[in-house]
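Note sheet for the following structure.
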């Protein structure tokens, strides 16, 4: 059978699928970061902890909430969690924005970064204290268990991983469409550039900005639910990912919605290919690309020079 540099087609396709899965998570998480930075001017370093929190809320809803409430038949299954957990996380984000972040909008980015970094440490520390760091398993829904065989190239595609790619892209591009192509998105962009003028037209800008942050946090919770059946649910899952996601946002351009989506997918595939042809560099390839992009185009691939 044909091989490319000693790699079989099956091995190459399998690794590309892994890269696409990782890229889907990079895209949806960096999208949330881009929305929060682009619309609120806040560097949300707690985004990884909020992703972890979403995964834990889904796991708790499936395994422990029935014990807490005393109703054995009451559980939050995967499909329910996929809807409810982002709403819970959005509510959590709304409280954070109203009580803490609102005071920092007109200050230097460093203040928001330090506050959200502290929040990330608190959230991670609480889950480490309650559940340790060994990790908890979360089963995929029965409908998405198993795999689809592709006999022509001799590989199988896990159903759940296909689902993750499809639903992630649907959410990402739907979000881009709303922000870039609708009247609501125009209001959001105008509210960040000239909020006083927009308020003069009767638009409640503070509420709109609060909801934008809540949506960004909700995306992190949504990604956490998607990740729970693939990765073990543990307090370190967000901190292991957030640095890469920040690199994705920087490469794509801080605040660029489409840049976050396309760069997340592209870097996931590049990382997957690197694991095939030069595994030793797979953990640093994204940061090498970031350094090159910052040298050649400091605003990022899709960002705008100021």
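Numbering (this note's numbering), first residue to last: 2 to 307. C-beta: ideal position from N, C-alpha, C; glycine also. Values in this document were obtained by computation on a predicted structure and should not be read as measured data.
DSSP, reduced to helix, strand and coil, places residue 234 within a strand of the structure shown. Rounded to whole angstroms, the separation of the alpha carbons of residue 303 and residue 168 is 24 Å. The C-beta distance from residue 11 to residue 149 rounds to 15 Å, too long to meet the 8 Å contact threshold. With fewer than 16 other Cβ atoms inside 10 Å of its own Cβ, residue 241 counts as exposed.
Assigned with DSSP and collapsed to three states, residue 158 falls in strand. Around residue 42, the same chain offers 106, 110, 113 and 193 as residues with beta carbons nearer than 8 Å, after the five sequence neighbours per side are excluded. Annotated three-state conformation of residue 300 is coil, per DSSP. Residue 271 carries a helical assignment under DSSP once its states are collapsed to helix, strand and coil. Judged by beta-carbon spacing, residue 32 lies within the 7 Å limit of residue 262, meaning their Cβ atoms are closer than that value. Rounded to whole angstroms, residue 298 and residue 257 show a C-alpha spacing of 14 Å. Annotated three-state conformation of residue 63 is helix, per DSSP. Boundaries around residue 207 are those of the alpha helix (DSSP H), 206-228, since no beta strand (DSSP E) includes it. In the three-state reduction of the DSSP assignment, residue 40 falls in the helix class. The continuous stretches of beta strand (DSSP E) do not include residue 88, which lies in the alpha helix (DSSP H) extending over residues 79-100. The beta-bridge partner set that DSSP reports for residue 151 consists of 156.
Going by C-alpha positions, residue 139 is about 15 Å away from residue 52. By the C-beta density criterion, residue 211 is buried, having at least 16 other C-beta atoms within 10 angstroms.
The Cβ atoms of residue 219 and residue 90 sit closer than 7 Å to each other. Its Cα nearest to that of residue 98, the residue 217 stands out among 79, 35, 217 and 204. A distance below 6 Å between beta-carbons, with the five flanking residues on each side excluded, links residue 196 to the following residues of its chain, in chain order: 206. For residue 141, there is no enclosing alpha helix (DSSP H), as DSSP gives it neither H nor E. DSSP, read as helix, strand or coil, puts residue 305 in coil. When the beta-carbon positions are compared, residue 137 and residue 60 come within less than 7 Å of each other. Contact annotation, residue 268 with residue 294: C-beta distance approximately 11 Å; criterion of less than 8 Å not satisfied. The straight-line gap separating the alpha-carbon atoms of residue 202 and residue 213 is approximately 19 Å. In chain order, 22 place their CB closer than 6 Å to the CB of residue 162, counting only its own chain and leaving out the 5 sequence neighbours on each side. Around the beta carbon of residue 78, fewer than 16 other beta carbons lie within 10 angstroms, which makes this residue exposed. By the Cβ-count criterion, residue 276 is buried, with 16 or more other Cβ atoms from all chains shown falling within 10 Å of its own Cβ. In this structure, the alpha-carbon of residue 141 lies about 5 Å from that of residue 230. If you compare the alpha carbons of 37, 274 and 198 with that of residue 117, the shortest gap goes to 37.
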